[in-house]
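Input: a single structure, listed below in structure tokens.
2 protein chains.
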Amino acid sequence: MTKWVYNFGKLGTDGDSSMRNLLGGKGANLAEMSGIGLPVPPGFTISTDVCTYFYDHNHTYPDTLDAEVRAAIVKIEAETGSAFADPKNPLLVSVRSGARASMPGMMDTVLNLGLNDETAAGLAKHANDSRFAYDSYRRFIQMYGDVVMDVDHGLFEDALEDMKRERGLINDTDLTGDDMMALVAIYKDIVMEEMDTPFPQDPWEQLWGAIGAVFTSWTNTRAATYRRLNNIPAAWGTAVNVQAMVFGNMGDDCATGVAFTRDPSTGENSFYGEFLINAQGEDVVAGIRTPLPLTAKEREKSGSSAASLQEAMPEVFAQLDDVRSRLEAHYRDMQDLEFTVQQGTLYMLQTRSGKRTAEAALRMAVEMAEENLISRDEALCRIDANALDQLLHPTLDPKAEKICLTRGLPASPGAACGKIVLSADRAEEMAAAGETVILVRLETSPEDIHGMHAAAGILTARGGMTSHAAVVARGMGRACVCGAGDVRFDQVSGKIFIQDQVLSEGDLITIDGANGDVYAGAVDTIQPKMSGAFGTIMKWADERRRLGVRANAETTTDAQVALDFGAEGIGLCRTEHMFFDADRIIAMRQMIMANNTEGREAALAKLLPMQRKDFESLFTIMAGRPVTIRLLDPPLHEFLPHSADELAEVAEVSGVTVETARQRAVKLSESNPMLGHRGCRLAITYPEICRMQARAIFEAACAVAQTTGDVPSPEIMVPLAATAREISLCKQEIDAAAAAVTAETGVSVSYLVGTMVELPRSSICAAELAEEAEFFSFGTNDLTQTALGISRDDAGSFLHHYADADIYPVDPFVSIDREGVGFLVDMGVKRGRTTRPDIKLGICGEHGGDADSICFFEEVGLDYVSCSPFRVPAARLAAAQAAIKNSA
Amino acid sequence: MTKWVYNFGKLGTDGDSSMRNLLGGKGANLAEMSGIGLPVPPGFTISTDVCTYFYDHNHTYPDTLDAEVRAAIVKIEAETGSAFADPKNPLLVSVRSGARASMPGMMDTVLNLGLNDETAAGLAKHANDSRFAYDSYRRFIQMYGDVVMDVDHGLFEDALEDMKRERGLINDTDLTGDDMMALVAIYKDIVMEEMDTPFPQDPWEQLWGAIGAVFTSWTNTRAATYRRLNNIPAAWGTAVNVQAMVFGNMGDDCATGVAFTRDPSTGENSFYGEFLINAQGEDVVAGIRTPLPLTAKEREKSGSSAASLQEAMPEVFAQLDDVRSRLEAHYRDMQDLEFTVQQGTLYMLQTRSGKRTAEAALRMAVEMAEENLISRDEALCRIDANALDQLLHPTLDPKAEKICLTRGLPASPGAACGKIVLSADRAEEMAAAGETVILVRLETSPEDIHGMHAAAGILTARGGMTSHAAVVARGMGRACVCGAGDVRFDQVSGKIFIQDQVLSEGDLITIDGANGDVYAGAVDTIQPKMSGAFGTIMKWADERRRLGVRANAETTTDAQVALDFGAEGIGLCRTEHMFFDADRIIAMRQMIMANNTEGREAALAKLLPMQRKDFESLFTIMAGRPVTIRLLDPPLHEFLPHSADELAEVAEVSGVTVETARQRAVKLSESNPMLGHRGCRLAITYPEICRMQARAIFEAACAVAQTTGDVPSPEIMVPLAATAREISLCKQEIDAAAAAVTAETGVSVSYLVGTMVELPRSSICAAELAEEAEFFSFGTNDLTQTALGISRDDAGSFLHHYADADIYPVDPFVSIDREGVGFLVDMGVKRGRTTRPDIKLGICGEHGGDADSICFFEEVGLDYVSCSPFRVPAARLAAAQAAIKNSA
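So the protein sequences, as listed, match chains D and H.
If you read the first sequence in our numbering, its first letter stands for residue 576, the second for the next number, and so on.
If you read the second sequence in our numbering, its first letter stands for residue 576, the second for the next number, and so on.
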């Protein structure tokens, strides 16, 4: 028979901290603390299995649950000496949710359960404190009314305020026991009026009501949103913890507080916390009274005159400090504690791994490893690799006041504030004049790159996490919020609308790329600082990881940043980014307008020296490290302007009529450019483009080899190939160019020709592709787009519904979809190796910088990941974590 | 040691007809005929392996080839008594290509090889006919000069004409032996002048030159194009046949001719052919002299006075008639023969399976089976299922004169001529006025459907074989040529340009959807007639096939056509096609413009009765047969108009401002609609749409069940699902609608809910999908688009390059890409069955009507295919062929 209820307390504890999945985090840790002899009020946990049962069986419970709960209550009664529903010495309990992962404040809690008219009177007598008893009762009615019975809690608050106003009082504490008793009557009337049913007097009915409310709250909107944002599956469910109440509000020998075993902001190894004398836990959180510092040292630092716990209750503090040491040694991690002191006795109500800033996480991990509390591997695994980004970018000052206008997708981390500009040219202009600007666009295209570079941040109304704006912003390290669908543009007035706000060019705006928020006006930001711990962790990570880490970069700036962040090569140089400079786009457009090979070759001849120079710079910076260069990838129409005027200019420069230019543009336009005439399809139809690029690569490599002595290692990547034949046709051109350049220069450069595996067919036919390709680089962006049939530029309109509906709980463009896209990567790896066992395998999609995805890439055995320069540190750490996990 | 050369002749034959891959069709059949004792001039075949070697080794030959060729020549000499290069009695040979598949006229042939100044003189003496010898020599120089030495053959023809003019002669036959000798000298001068090298006198040099030319011709443009059009892989290569010459031009006891063992046009079982007295084979083909009928019966029918072969050479005819019987009995198929009579002796030069019209193929197959020459299975396999379409559509009169303007893709079979119209509205208007029109568009969209229906044919400049125009045209049975890239539109003048022709609305044009040709003016067409053999074959096919055959149809017309053609149900009813009628599109657009659920529901309420009526008609026609209804699939923006004026109308009807309508349209527009907010993503974000459609289906089903007593079998298909959760969410809506309608009507309808497997992830995760889906219908169009990353609407710009370059030798939208897309279908089948062994499996992409693809679907074990109504007969036949092949 399944056991549904797990006790904890002096009379026996059934669980421990390893049972987090079954008991939830809170329940497992209460059991653990109880098990190691810490002072925990007795109680029991109803397991998450019951939650699953509850949702699978139309909100009903297993048959045996009732009996188990009754038995567990008896155990509490035995330890506390009180009795549930006993008017003489009533047992009061708290009912709290507790999921596997911490979801603070997301679900419901009911305190003081067990009070009714009779037991309240009994409690008043037993505690000899009528005010305490009826304060507890009216709090219980309010909480229970709100949480279980769905009464608007504002009504209770209004009643309390009314009473204070009538009595001419300011603080709740000034109300007397009689006032509280009167409030209880008013509260009960509110319940009756609102719900047409009296407030339940039967403690058992109360208990089952509260348990049901906690389970039901698992799927409330707040919780569902939190789970989505934090990648918590709905299937995990929550446990329910029922525990004897202890009271921090029975007099001045009572207190309640929260503490961290180390400083959660800085990571410093010193006890940190806050408490209130004579208060219930909710008072600390509610902020009605200002909590006091825990330690004397902190009190001094804050300049407060009120005594710290250390000073006010030295014995209790000593006991708590001891608990601190025991818990940190026991859990081997910084703990976040809740405690209550009832009439001089310390009770521990919760311990859990404490949340911390990225900076603190880093420092704690390094210091704990140096203290031998944890191993280096553990230290590496303690840090959220994805959060490492925080350390490299400005963040919003949490203390700053802000007005949130709307929320988009957190596309590229960092906070930025500046003046709104609506075009790339204007961004460049204003930035040149010394202004800090935020570029606001419907969406961006390669033509906007100079403006994105000039801006401090980018905000778009359309596009997902891997839209052009997002990818480029991450590459440049610019803050970016994408797909903020509420942002609308009025072309006539040149104004933008966000909800009901009207903004113009020049107005100040702030964006937070870490969470997608958009704020009105300027919000203060905090600049990042990199600690010594950062360097230490990176060193340890490099020692531990198996995966190589490269960067996606094409400019010298990006390449240098990548190198500084520890990239071991370039995994993706997108050559098309090199064609958008003003002097180059002209030649590019001439090539597009040419209607024969000769015309194209003439235009390409102009591009050759520029492209060669680009590669020379890259090769020089990378000093012999591998550089993967992808041949021209986007469809040609991306290089054409959109307006008729600009097209007329193109026509003139290219020596064709406006009508011809228009015809050509129309002919090039595509219904689905993502699936269009792009990638190696360009090289197949216009081999002269491939030829020019190959020549530029080899000429640059030879020149750099001769000048610097560092022989470059180009890896030439054929994009979008789905057949071996496509690669072999491109390879013919590449090999011919290599041979020709070697003949001309006398320098021989060793190089690889490989392909980007970014189509399902390419993975399926990987064995065949590997006959030609010397390396594969998985292009997981396009592989995700094609495998899932989702355009990353258009996903904004439905992907959040998909997250809400638990269809793709995690954005598949952020973290790899293991079942679908992952299957294809794995198949590509296996099949590629059947033909060419030593084939070099990498990944250069956006997933290359995502920790969960990197873990997957370690599992399938890729050789390296490649990501945006700013994500290189995170990738190094994630690669180490993946290696650790994989060796476990 | 590999054997490269295979002899045939009285002294020994190495090959037979089973060795077609190695010896080519011609070589294998020469060996076979020789083997069964028919009179074949001796010779040998150089295998296709040599061709492979030749291309793999930089146009060189295997070491041992020379010795094998010399030995084979010695054998010919022994049988003929003549000797190669012997001036006294020279052996002359022909050198001909012969590939595995017949490629008539595509590659090169050299006759009379072995002649030089000396042997020509010897031949004149030996044959006692100087004119014959020098005529042969000058023909040889011309052919060899043209084929091997690349001399412009016009120069030779000019010289011949010059001589005739000088001599005042009209026919070649009037030239004397001396004239021919003089021509030989002139021809040799031409070669010297053009090529700076004398005409080779060494017969061995001539032989190797000719062999090399044949191998080289395998990759000439003509041959490459032919291969592409006929799906012949380049890797097959060609064989070379070297054979002793026989002469039909040595006097009036000589003749040459071609014959078919049955009539290739009608299929009638009567000997049919043409011949010329005193001529070489090329004369029959060249059409300089009009060939005469073979039999007396035919001569009478033609009203000719010249004697037939039967009358002119009764003994030879009897011998040939005997060969006819022997060959048909031997090959068990209609044969296409070439023969030469040299001085009263019959020689067989070729036999091969004869090409035939679809009509003839049908009749022969049925009659041969009834004659017990072949089995019914063989009869079924004798007919090209894809060509069956010819029988259902008009074809161009082959005798009509025509001016080809350009060529596009053969998107929907049938020939049509009519007046050009450039818009759907105009098409409808003119058709209503009794005109036959061809709708010419850049591309079509769902808004053009009424115009496509009104038109006799559709011509588009953009789009591939599965573009909107192609799919819809095939569905409607309209002729269609797609992706004719040379067609340009001048919006200002309203004219269209094709190459250098300017055409206007109202000008006559003719299109041939069977081959993609576009002709100026009206070209006569021939209406199809269906014979009794058609019905017989269909009956046999139905008895033999395992696969069910359904049709893709949504209109009552299409459904009725499908039923008449033998469809067993509807495999795909695209509900969106039902929303484009003038009265419906308004409500549809109101729904799109609504910005909340209530607004959408109000608009949907208007659509409900219309949609219900559609389903009632379909269910009534299909009378209990399964009807698969796909929920709304295309992105909503497809229902919005494109011009500002029209959008303003939409705004007015929908009660929103023009600006709001514009904003909504902008917000809905997508970069890659194919991968956008469509399919079940619509149902997830707007469940009210799914709800309305489900209700319409069940209301219609209940109504029809009550009225007709035939209980409909709706199979409701959730499109574009890639996760089980998507299906389950839609299923909730569908099940709720079913329950509600049953409660209202008291009628219970059994139905299935399934999904369209059209994304790679769906195949990969098919086991999971099958937990929810009761059937899968593979949407191979979209599966091809996503697996290969090719937009069918944009593929026109590169797919022909891909065919030319042998990357995708067959258009993957026409015939399924087995390696890539096929793998996914197979995986989807296998994985789907692991979860639900009895899952119903079908395919409703365009491949459902393609014979090769149907063969694949049989192999992987689908339950049914679904295709355009007009392809149903072809699919029935192909399904039978597939069953036969699969049981072999």
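We put the beta carbon where it would ideally sit given N, CA and C, even for glycine.
Note that this is a predicted model, so its numbers are computed, not measured.
Under 6 Å Cβ to Cβ from residue i, same chain only, skipping five residues before and after it: list those, please.
i	result
Leu1334 (chain D)	Ala1297, Thr1361
Phe1155 (chain H)	Pro1021, Ile1024
Counting C-beta neighbours from all protein chains within 10 Å, is the total for residue i 16 or more, i.e. buried, or is it exposed?
i	result
Thr1409 (chain D)	exposed
His1152 (chain H)	buried
Asn1498 (chain H)	The question about residue 1498 (chain H) has no answer here: the residues shown for chain H are numbered 576 through 1463.
Asp683 (chain H)	buried
Asp764 (chain D)	exposed
Lys1507 (chain D)	It is not possible to answer for residue 1507 (chain D), since the shown part of chain D is limited to 576 through 1463.
Output yes if chain C places a C-beta closer than 7 Å to the C-beta of residue i; else output no.
i	result
Pro1387 (chain D)	Any reference to chain C falls outside this structure, whose protein chains are D and H.
My assumption, with CB atoms under 8 Å, is that residue i sits in contact with residue j. Please give the rounded CB distance.
i	j	result
Pro1448 (chain H)	Gly1141 (chain H)	7 Å
Glu843 (chain D)	Asp1368 (chain D)	So it is not a contact: roughly 45 Å between Cβ atoms.
Ala1137 (chain D)	Ala1162 (chain D)	Going by Cβ atoms, the distance from Ala1137 (chain D) to Ala1162 (chain D) rounds to 28 Å, so no, they are not a contact pair.
Phe892 (chain D)	Leu867 (chain D)	That belief does not hold up - the Cβ atoms of Phe892 (chain D) and Leu867 (chain D) are roughly 12 Å apart, past 8 Å.
Ile621 (chain D)	Trp579 (chain D)	6 Å
Trp793 (chain H)	Cys626 (chain H)	6 Å
Nearest to residue i by alpha carbon, out of the options?
i	options	result
Gly989 (chain H)	H:Pro665, H:Lys977, H:Ser593, H:Asp972	H:Asp972
Ala1454 (chain D)	D:Ala757, D:Cys956, D:Leu782	D:Cys956
Gly618 (chain D)	D:Cys626, D:Tyr628, D:Leu605	D:Leu605
Ala757 (chain D)	D:Gly787, D:Asp710, D:Glu769, D:Trp779	D:Asp710
Ala603 (chain H)	H:Gln925, H:Gly752, H:Trp779, H:Asp827	H:Gln925
Val1124 (chain D)	D:Ala1108, D:Glu1143, D:Phe1109, D:Gln1135	D:Glu1143
Glu780 (chain H)	H:Pro1216, H:Asn691, H:Gly743	H:Asn691
Met1185 (chain H)	H:Ile1160, H:Arg1175, H:Ile765, H:Pro778	H:Ile1160
Lys601 (chain H)	H:Phe629, H:Ile648, H:Ser669	H:Ser669
What is the DSSP secondary structure of residue i, reduced to helix, strand or coil?
i	result
Phe822 (chain D)	coil
Glu1433 (chain D)	helix
Thr836 (chain D)	coil
Pro616 (chain D)	coil
Glu1129 (chain D)	coil
Tyr1261 (chain H)	coil
Thr920 (chain H)	strand
Gln1281 (chain H)	helix
Val1324 (chain H)	coil
Among residues of its own chain, excluding the 5 on either side of residue i, which ones have a beta-carbon nearer than 7 Å to its beta-carbon?
i	result
Phe1194 (chain D)	Val1202, Ala1275, Ala1276, Val1279, Pro1287
Asp838 (chain D)	Ser845, Tyr847, Ala935
Leaving out five residues on either side along the sequence, give the residues of the same chain with a beta carbon under 8 Å from the beta carbon of residue i.
i	result
Gly1069 (chain D)	Leu997, Ser1079, Glu1080
Glu1245 (chain H)	Pro1210, His1212, Gly1251, His1252
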